[in-house]
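First the structure, in the form of structure tokens, and then the observations on it.
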Amino acid sequence: MSASSQSANADQPSFLERNQFLIYRLFSLAGLVPVGAFLVVHLLTNASVLGGPEVFQSRVDMIHSLGPLLPVVEWAFIFLPMIFHAAVGMAIIAGGLPNVGSYPYSGNIRYTLQRVTGMIAFAFILWHIWQLHAMGKPLGGGAFDPHHAASTASAALRPMAVAVLYAIGVLSAVYHLSNGLWSLGVTWGIWTSPAAMRRASWLSVAVGVALGAAGLGGLAGMRMVDVDEARAVEGRMAEARELLEGKVAPQAADASGVSDPAH
Amino acid sequence: MIRAVDGHSDGSGAAAVGTSAKATPESLRVRVLRQDSPGRESYWECHVIPYEPNMNVISILQKIAARSTTEDGRKVAPVAWDCNCLEEVCGSCTMLVNGRTRMACTALVDRLVEEQPEEIVLEPMSKFPVVRDLMVDRRRVFHSLGRVKAWVPIDGSYDQGPGPRISPEEQEDAYPLSTCISCGCCMEACPQFTKVEVQRMEGESVEAFEARRTAAFDKNFLGAHAISQAMLFNSHPTGKMIADERLEALTDRGGIQMCGNAQNCVAVCPKSIPLTRSIARAGRAATLWAIRRFFDR
Ligand code: HEM
Ligand code: SF4
Ligand code: SF4
Ligand code: FES
């Protein structure tokens, strides 16, 4: 130990130390809700592109119908909880001493993977936000246009290297959440006996497989979108939306052929 | 049971376990990580000793001490180690055998040779301060038990009468937990448990040094054994009387929240104590207790 603590009396516990239990429990909870719940919704939304660009566009429209409230919701329910979880997670990783080499037991491998996938997910999420989220625009990213959802996402994911990195990032996040679910159940004492923990492992595998399929399905679906066709569909949907909102006069809409979707 | 490492025994048996005649060693090469005193550099040393059937790691160490001569013929001070009961009850002989924490007295050489014929590697535990060679200072194991008050509070100058009855079911649940030998294996293998080594500074009084060491122990992880003992005494009808004090200790700094569910502890515990069940039960009790305290205070 360092000489940082000259005497025991000077070694008063800090705020973080005094509330360690509470902070770790909130960290664990944040992993499930809202961050984990968001991941599920996010991957399912993306997988909806398998139903065609119009299905995906309508989901995106639903999210963006929040308008100016959207950033507030994003920060309160996604970014801030995720930053909190990631910051505590990093501190936990720094304090641990992985030892799978000496103790290659399945639980230990899962423990180590939980940390590895957390770090991969962190790097991936930063890059992903820069690449597609509007916040990335000032830095040359932000390629996703919510009015042309499938076509812009598809174009961004077209390069093979990007697709591979996305597959790794998505699968890391999925592993992290599904194994985290199991770990959370032990942490909170939901499953306590070895038999219950084994059953919970199956639950965790099932969630992982389903979410992994949704994630990879969404990724493949985006890349299979015909960009030109999608642009046309999205254009029509944007006009229909504007028409609904009364932003455009009906005759202008008529002229652009909204009334003739057969084209 | 010792399997047929001995190539002269029943040939089919030997083939079935995949050993051949040349697997019977005439001598054993033992590599020991030594350290002369606390805080000094450690160094490797090789010893070669004659093989005998049915040896354990303690008998290896006895032979090494008797010869005190290294593989290359140098006379050295005997290798120091701790042991007492020789039957996996006292918990004092924990060390790393071939890189893994276990009790030296029940580490059978014939099994070790089966796993790794070239040499046997002995190291002191890595999460406790080395006193000398394979002897470590395990006082933190006991300090953790003190933190969670791992006892039944019956002190008093008067007769408190007979204790309450415990049903056979409860006994069956509690008995395995009561077999803990404070060996420290669960802590050694735990990736969340890190070493705390406090050295006495120049001119520091013993009291000041001990206070500093206690403070360092107090803010670091308890270890799986202490969590399990807290659950044992919280399930005891008399021990229960201070259940809240134990839960307070479990949710204090370095408490149960430090566990990351790697479950190595349960895999290495020589007494096969269901540590992860205790940890999960403690997690549940701690959560409920924290909520209760939040609303009750
Ligand atoms: C995709 C977003 C993320 C989700 C959905 C998520 C979810 C979870 C969940 C549910 C747990 C289980 C909590 C428990 O065992 O009680 C967990 C644990 C963990 N997370 Fe995350 N997490 C995410 C991102 C991150 C990031 C970016 C990091 C930091 C590198 C991280 C680091 C950790 C660590 C170290 C643990 C294990 C804690 C322990 O077992 O003690 N997570 N996560
Ligand atoms: S719980 Fe098991 S490994 Fe831990 S100290 Fe007790 S006997 Fe040793
Ligand atoms: S389950 Fe907890 S106490 Fe046991 S080895 Fe893993 S992190 Fe350590
Ligand atoms: S000598 Fe007592 S446990 Fe090994």
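So the protein sequences, as listed, match chains A and B. Each residue of the first sequence is one higher than the one before, starting from 1 at the first, in my numbering. Each residue of the second sequence is one higher than the one before, starting from 1001 at the first, in my numbering. All C-beta atoms, glycine included, are put in the ideal place defined by N, C-alpha and C.
From residue i to residue j, what does the alpha carbon distance come to, in whole angstroms?
{"i": "B/Ser1182", "j": "B/Glu1115", "result": "27 Å"}
{"i": "A/Gly140", "j": "A/Ala153", "result": "16 Å"}
{"i": "B/Ala1021", "j": "B/Ala1150", "result": "In this prediction, B/Ala1021 scores a pLDDT of 46, lower than 50, which makes its location untrustworthy; no coordinate-derived value is stated."}
{"i": "A/Tyr103", "j": "B/Gly1260", "result": "15 Å"}
{"i": "B/Gln1160", "j": "A/Met197", "result": "41 Å"}
{"i": "A/Ala213", "j": "A/Ala47", "result": "9 Å"}
{"i": "A/Phe56", "j": "A/Tyr105", "result": "42 Å"}
{"i": "B/Gly1254", "j": "B/Phe1294", "result": "20 Å"}
{"i": "B/Arg999", "j": "B/Ala1249", "result": "Since the first residue of chain B shown is 1001 and the last is 1297, residue 999 of chain B is not available in this structure."}
{"i": "A/Arg115", "j": "A/Ser14", "result": "26 Å"}
{"i": "B/Arg1281", "j": "A/Glu74", "result": "36 Å"}
{"i": "B/Arg1212", "j": "B/Val1198", "result": "8 Å"}
{"i": "A/Ser28", "j": "B/Arg1140", "result": "28 Å"}
{"i": "A/Met224", "j": "B/Asp1244", "result": "59 Å"}
{"i": "B/Met1055", "j": "B/Arg1102", "result": "16 Å"}
{"i": "B/Lys1195", "j": "A/Asn99", "result": "14 Å"}
{"i": "A/Ser58", "j": "A/Met160", "result": "27 Å"}
{"i": "B/Val1152", "j": "B/Thr1238", "result": "6 Å"}
{"i": "A/Ala143", "j": "B/Asp1296", "result": "52 Å"}
{"i": "A/His42", "j": "A/Leu132", "result": "14 Å"}
{"i": "A/Gly221", "j": "A/Leu126", "result": "23 Å"}
{"i": "A/Gly52", "j": "A/Ala87", "result": "38 Å"}
{"i": "B/Pro1117", "j": "B/Val1030", "result": "11 Å"}
{"i": "B/Glu1204", "j": "B/Glu1210", "result": "10 Å"}
{"i": "B/Trp1081", "j": "B/Lys1240", "result": "38 Å"}
{"i": "B/Ala1208", "j": "B/Ala1215", "result": "11 Å"}
{"i": "B/Ser1092", "j": "A/Val170", "result": "48 Å"}
{"i": "A/Ala229", "j": "A/Glu54", "result": "One point to set straight first is that residue 229 of chain A is Glu, not Ala, in the sequence displayed. In a straight line, the C-alpha of A/Glu229 is about 10 Å away from that of A/Glu54."}
Taking the CB atoms as reference points, tell me whether residue i and residue j lie closer together than 8 Å.
{"i": "B/Ser1068", "j": "B/Pro1050", "result": "no"}
{"i": "A/Ala163", "j": "A/Leu219", "result": "yes"}
{"i": "B/Cys1105", "j": "B/Glu1123", "result": "no"}
{"i": "B/Gln1229", "j": "B/Leu1145", "result": "yes"}
{"i": "B/Val1079", "j": "B/Val1032", "result": "yes"}
{"i": "B/Ile1064", "j": "B/Asn1098", "result": "no"}
{"i": "A/Arg231", "j": "A/Ser151", "result": "yes"}
{"i": "B/Arg1147", "j": "B/Ala1226", "result": "yes"}
{"i": "A/Ile120", "j": "A/Ile78", "result": "no"}
{"i": "A/His176", "j": "A/Gly118", "result": "yes"}
{"i": "B/Asp1173", "j": "B/Ser1272", "result": "no"}
{"i": "B/Thr1287", "j": "A/Trp188", "result": "yes"}
{"i": "B/Leu1177", "j": "B/Leu1247", "result": "no"}
{"i": "B/Ile1058", "j": "B/Cys1083", "result": "yes"}
Taking all protein chains shown into account, do 16 or more other C-beta atoms lie within 10 angstroms of the C-beta of residue i, making it buried, or fewer, making it exposed?
{"i": "A/His64", "result": "exposed"}
{"i": "B/Ser1278", "result": "buried"}
{"i": "A/Met62", "result": "exposed"}
{"i": "A/Gln20", "result": "buried"}
{"i": "A/Ala264", "result": "Lying before the first or after the last residue shown, residue 264 of chain A is absent from chain A, which here runs from 1 to 263."}
{"i": "B/Ile1154", "result": "exposed"}
{"i": "A/Ala123", "result": "exposed"}
{"i": "B/Ile1291", "result": "exposed"}
{"i": "B/Pro1129", "result": "buried"}
{"i": "A/Tyr24", "result": "buried"}
{"i": "A/Gly101", "result": "exposed"}
{"i": "B/Pro1274", "result": "buried"}
Excluding the 5 residues flanking residue i on each side, which residues of the same chain have their C-beta closer than 8 Å to its C-beta?
{"i": "B/Gln1192", "result": "Phe1221, Met1258, Cys1259, Gly1260, Ala1262"}
{"i": "A/Ser204", "result": "Ser178, Asn179, Leu181, Trp182"}
{"i": "B/Ser1126", "result": "Leu1096, Glu1188, Lys1195"}
{"i": "B/Val1076", "result": "Glu1045, Ser1068, Thr1069, Thr1070"}
Spatial neighbours of residue i within its chain, please: C-beta separation below 7 Å, excluding the five flanking residues on both sides.
{"i": "A/Val174", "result": "Gly208, Leu211, Gly212, Gly215"}
{"i": "B/Cys1185", "result": "Thr1094, Thr1101, Arg1102, Val1268, Cys1269, Pro1270"}
{"i": "A/Gly136", "result": "Ile129, Trp130, Gly142"}
{"i": "A/Pro146", "result": "Val60, His64"}
Which residues in the same chain as residue i place their Cβ atom closer than 6 Å to its Cβ, once the five residues preceding and following it in sequence are excluded?
{"i": "A/Gly185", "result": "Trp191, Ala200"}
{"i": "A/Met82", "result": "Val35"}
{"i": "B/Ala1189", "result": "Thr1101, Asn1264, Val1268"}
{"i": "A/Phe38", "result": "Ile78"}
{"i": "B/Gly1039", "result": "Gln1199"}
Is any heavy atom of ligand 6 found at a distance shorter than 7 Å from the C-beta of residue i?
{"i": "B/Ile1181", "result": "Among the ligands in the structure shown, ligand 6 does not appear; only ligand 1, ligand 2, ligand 3 and ligand 4 can be found there."}
Completely contained alpha helix (DSSP H) runs for the segment 96-150 of chain A, where each covers 4 or more residues:
106-132
Could you please tell me which residues of the segment 1236-1260 of chain B, in chain order, have their CB closer than 9 Å to any CB of chain D?
Although the question refers to chain D, the structure presented lacks it and instead comprises the protein chains A and B.
Minimum length 4: unbroken alpha helix (DSSP H) runs contained in the segment 163-228 of chain A:
194-224
Ignoring anything shorter than 4 residues, give me the alpha helix (DSSP H) runs that lie fully in the segment 1153-1241 of chain B, in order along the chain.
1168-1178, 1185-1189, 1206-1218, 1224-1234
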